[in-house]
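Take 1 as the starting number for the sequence shown in the UniProt record's numbering and just add one per residue. The beta carbon of each residue, even a glycine, is placed where N, CA and C say it ideally should be. For reference, the structure discussed in these notes is given below.
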Amino acid sequence: MDPRAVDAVLTEAVARGAVPNAVVVAADRDGPVLESAAGPRVAGTDEPVTAGTHFRIMSMTKMVATVVALQQVERGALDLDAPVAEYCPEWAQLQVLDGFDGDVPRLRPPAATATVRHLLTHTSGLGYWFFNADLLRWETVTGTPNVLSGSNVVFGAPLLADPGTRLEYGINTDWLGKVVEAAGGLALDVAVKEGVTGPLGMDDTSFSPGAEQRANCVPVHMRGPDGAWQPSELDLHPEPEYFAGGHGLYSTPRDYLRFQRALLGNGAVDGVRILKAETVDAAFRNQIGDLDFPATIASADPGSTADFSAGPGHKWGYGLLLNTADLPGRRRAGSGAWAGLCNTHFWVDRTTGITAAVYTQTLPFVAPDVHQVYLDVETAIYGAL
């Protein structure tokens with residue numbers, strides 16, 4: 001792999017203002033092969049961003065929480081086909097949002113029972129405000145904050161579809177975190193530390209970064225009136241009421257690559273095993289049957305995300321978006337990937353033996369110029385194989 005091709009992509013992207021900064025890391029089956037970075041940690045300053053800089057990895061947290069749940073399945077402590085309400089009785093109070101009468105939400109009982117498996121596959125019916133206008137309206141008319149508030153009140157949000165009827169990307173993994181706590185008797189931060197970050201030596205990955213780690217974090221950047229990138233004060237709640245399995249982790253590119261390498265290594269890296277090989281195989285296998293991951297998900301909140309277009313032919317495994325065909329010049333069929341709202345992206349290609357990630361820290365998610373950098377990086381990595 002030629003790092004110069006990736007260096008050139010990042011340097012050019014920062015120079016033309018596509019991103020304020022960017023970091024890329026990659027590994028093959030033998031270990032790390034690439035670290036590349038460009039731009040300052042904070043726009044307008046001189047401190048460079050590096051593979052050891054901290055980022056809010058947002059929904060890249062989901063795969064970590066998913067692995068902890070799968071560890072419980074391996075131990076017999078968690079049944080994927082059990083009703084969610086068996087672990088979290090409060091789930092039984094949730095209803096399906098079936099429209100509005102004026103500004104009054106119209107709710108009905110779900111037509112099917114949601115299981116833990118539905119949570120792992122985003123088929124429970126739960127959603128996110130930025131991808132679903134009905135949920136955004138529900139939050140507005142009820143005065144309920146969105147999931148980034150750190151408040152437990154978010155667990156009263158309604159379903160948007162009957163369980164098992166469609167893939168609706170949403171707060172499933174935050175609920176899964178509650179299930180993990182109930183099944184294992186440990187707070188989610190402890191379960192993550194004991195099951196993943198501790199064994200893998202990921203000392204820079206945490207729900208609660210220390211003062212030094214916070215000072216090392218990239219602020220969320222947004223474009224100012226002149227189009228230039230400006231750092232903001234946006235952040236996750238410093239003292240949330242729950243540990244967010246769906247978005248709560250801070251990490252560094254170098255640290256999270258350890259986790260990616262464990263997935264690439266069929267559950268093990270450098271002699272440390274966190275999952276059985278057959279469990280990893282299941283995570284990379286279609287777990288939604290005849291349902292599909294939507295080719296395009298329209299934005300309901302342009303300040304948070306642009307339209308997300310994965311393209312046709314994608315399925316969902318456990319915590320991973322799966323492409324069912326080779327992407328020309330990029331990852332091979334059966335690769336698993338996901339991303340974070342502030343534009344961090346990773347993929348694991350077990351066919352070629354390549355895993356990589358691209359980090360910046362901007363909103364909105366998948367804005368075309370920002371997302372193009374991710375595509376250009378992936379193309380550069382595979383072009384150099």
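Starting from the C-beta of residue i, find all residues in its chain whose C-beta is less than 6 Å away, skip the five residues before and the five after it, and write them out in chain order.
i	result
Val-24	Val-6, Ser-36, Val-358 and Val-377
Cys-342	Arg-56, Met-58, Val-220 and Gln-361
Arg-331	Trp-347 and Asp-349
Asp-189	Phe-207 and Phe-243
Asp-255	Met-202, Asp-204 and Thr-205
Ala-339	His-345
Asn-172	Leu-119, His-122, Ser-124 and Leu-126
Leu-10	Ala-22, Ser-36 and Ala-38
Tyr-374	His-345 and Val-358
Could you check if residue i is buried or exposed, using at least 16 other CB atoms within 10 Å of its CB as the buried criterion?
i	result
Thr-351	exposed
Val-141	exposed
Gln-72	buried
Asn-152	exposed
Thr-61	buried
Arg-261	buried
Ala-65	buried
His-237	exposed
Gly-248	buried
Asp-270	exposed
Asp-30	exposed
When the distance is taken between beta carbons, is residue j closer than 8 Å to residue i?
i	j	result
Ala-177	Gly-245	The amino acid occupying residue 177 in the given sequence is Gly; Ala does not appear at that position. Yes; because the gap between Cβ atoms is below 8 Å, this pair is in contact.
Val-33	Ala-26	yes
Gly-267	Ala-277	yes
Val-49	Leu-78	no
Pro-368	Thr-305	no
Gly-319	Ala-283	yes
Gly-125	Thr-252	no
Asp-162	Pro-110	yes
Thr-379	Gly-329	yes
In whole angstroms, what is the alpha-carbon distance linking residue i and residue j?
i	j	result
Thr-45	Gly-164	49 Å
Asp-307	Thr-296	7 Å
Gly-170	Glu-239	22 Å
Met-63	Leu-94	25 Å
Leu-200	Trp-129	34 Å
Phe-293	Ala-15	35 Å
Ala-337	Tyr-382	16 Å
Pro-225	Leu-148	25 Å
Gly-313	Ala-22	29 Å
Arg-285	Leu-322	8 Å
Ala-85	Met-1	48 Å
Phe-259	Phe-100	43 Å
Leu-70	Ala-182	14 Å
Asp-235	Tyr-250	11 Å
Ser-309	Asp-326	16 Å
Thr-355	Leu-264	7 Å
Trp-91	Thr-144	17 Å
Ala-211	Phe-155	29 Å
Cys-88	Asn-132	25 Å
Ala-215	His-54	9 Å
Pro-302	Val-366	10 Å
Asp-174	Pro-83	16 Å
DSSP three-state call for residue i: helix, strand or coil?
i	result
Lys-315	strand
Thr-296	strand
Asp-98	strand
Tyr-242	coil
Gly-156	helix
Gln-287	coil
Ser-149	helix
Thr-252	coil
Gln-361	coil
Arg-29	coil
Ile-354	strand
Pro-40	strand
Gly-336	strand
Phe-207	coil
Met-222	strand
Ala-187	coil
Asp-162	coil
Arg-137	helix
Arg-214	helix
Asp-235	coil
Thr-53	coil
Considering only residues of the same chain and omitting the five flanking positions on each side of residue i, which have a CB-CB separation below 7 Å?
i	result
Val-68	Val-180, Ala-191, Val-192, Gly-195 and Val-196
Asp-103	Val-141
Ala-298	Asp-307
Below 8 Å CB to CB, which residues in the same chain sit around residue i once its five sequence neighbours on both sides are set aside?
i	result
Leu-97	Pro-105, Arg-106, Leu-107, Asp-134, Leu-135, Trp-138, Pro-158, Leu-159 and Leu-160
Gly-227	Gly-17
Leu-80	Val-73, Thr-115, Val-116, Arg-117 and Leu-120
Leu-167	Thr-121, His-122, Thr-123, Ile-288, Leu-291, Asp-292, Phe-293, Pro-294 and Trp-316
Arg-223	Trp-229 and Gln-230
Pro-40	Pro-20, Asn-21, Asp-46, Glu-47, Pro-48 and Val-49
Given the structure, does residue i come close to the ligand ZN, in the sense that its CB is under 7 Å from one of the ligand's heavy atoms?
i	result
His-54	With respect to the ligand ZN, the structure shown offers nothing to examine, as it has no ligands at all.
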